[in-house]
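A.B. asks: In my numbering, the protein residues as written are 80 to 199.
Virtual Cβ for every residue (Gly too), placed ideally from N, Cα, C.
Given the structure is predicted, the values throughout are model-derived calculations rather than measurements.
Dumping the structure here so I can ask a few things about it.
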C-alpha cells in the first residue's frame, strides 16, 4: 500500500456497525499490517483515537472524536458538505475532492500527510 511503503505503520480499521463486513474485508484483503477493531462504544473508540499517531476517517463522528482527543486527523469529505461541520484545531485536516468521497485517492491522503508532517 502507498502509505505503508512510506511509513512503518499498523492500520486499525473501525467502522459503523452497518459497514462492518466491508471494513473487515478491507483489513483482510489489503496485505498491510492492519486489523479490524470492533469498538463496543464511543469511549472505547476515543481511547483508541487518543493512543493513535494519526486518524484517517470519513466525515462523521470519528473526526470529531479525533479532534477532541487532539489526535492529528485527516477527514475525507465529499464537496457537497458544508465547511462549517469540519473539525477545528491544529492538525485537523480535511480533503475535499470531486462530488464523492471516492474521488479521493491514497496518493491524495499521502500528500496531505507528507505536507503537514503528520507522521515521522
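Looking at C-beta atoms only, is the number of pairs between the segment 140-149 and the segment 180-189 that lie closer than 8 Å three or more?
C.D. replies: no
A.B. asks: Just list the residues that DSSP pairs residue 201 with in beta bridges.
C.D. replies: Outside the displayed span of the chain (80 to 199) sits residue 201, for which this structure offers no information.
A.B. asks: Three or more beta-carbon pairs under 8 Å between the segment 94-107 and the segment 124-131, yes or no?
C.D. replies: With a cut-off of 8 Å, the segment 124-131 and the segment 94-107 do not count as touching, because too few Cβ pairs lie within range.
A.B. asks: What residues match up with residue 159 in a beta bridge as DSSP calls it?
C.D. replies: Along the chain shown, read from residue 1 onward, the residue named residue 159 stands at position 80. Residue 159 is not bridged by DSSP to any residue.
A.B. asks: Suppose you measure from the CA of residue 199 to the CA of residue 159; what does that come to, to the nearest Å?
C.D. replies: Sequence index remark: in the chain shown, residue 199 carries index 120 (1-based). Sequence index remark: in the chain shown, residue 159 carries index 80 (1-based). C-alpha separation (whole angstroms): 32 Å.
A.B. asks: From this set, 103, 100, 165, 138, which residue's C-alpha is nearest residue 181's C-alpha?
C.D. replies: In the chain shown, counting from the first residue as 1, residue 181 sits at position 102. Here the closest residue by C-alpha is 138.
A.B. asks: Which value, in whole angstroms, describes the spacing of the CA atoms of residue 126 and residue 177?
C.D. replies: By one-based count along the chain shown, residue 126 stands at place 47. By one-based count along the chain shown, residue 177 stands at place 98. For residue 126 and residue 177, the distance between alpha carbons rounds to 32 Å.
A.B. asks: DSSP state of residue 92, grouped into three classes?
C.D. replies: By 1-based counting over the chain shown, the position of residue 92 is 13. Residue 92 falls in the strand class under three-state DSSP.
A.B. asks: Could you check which residue in 120, 93, 164 has the C-alpha nearest to that of residue 113?
C.D. replies: Within the chain shown, the letter at position 34 stands for residue 113. The shortest C-alpha separation from residue 113 is found at 93.
A.B. asks: Label residue 185 either buried or exposed according to how many other C-beta atoms from any shown protein chain fall within 10 Å of its C-beta, with 16 as the threshold for buried.
C.D. replies: The count along the chain shown starts at 1 and reaches residue 185 at position 106. So residue 185 counts as exposed.
A.B. asks: Can you give the beta carbon distance from residue 195 to residue 170, rounded, assuming they're within the 8 Å contact cut?
C.D. replies: Here the question's residue 195 lines up with position 116 in the chain shown. Here the question's residue 170 lines up with position 91 in the chain shown. Their Cβ separation, rounded to whole angstroms, is 7 Å, which keeps residue 195 and residue 170 in contact under 8 Å.
A.B. asks: Please state the DSSP three-state secondary structure of residue 116.
C.D. replies: Stepping through the chain shown from its first residue, residue 116 is reached at position 37. Of the three classes helix, strand and coil, the one that applies to residue 116 here is coil, per DSSP.
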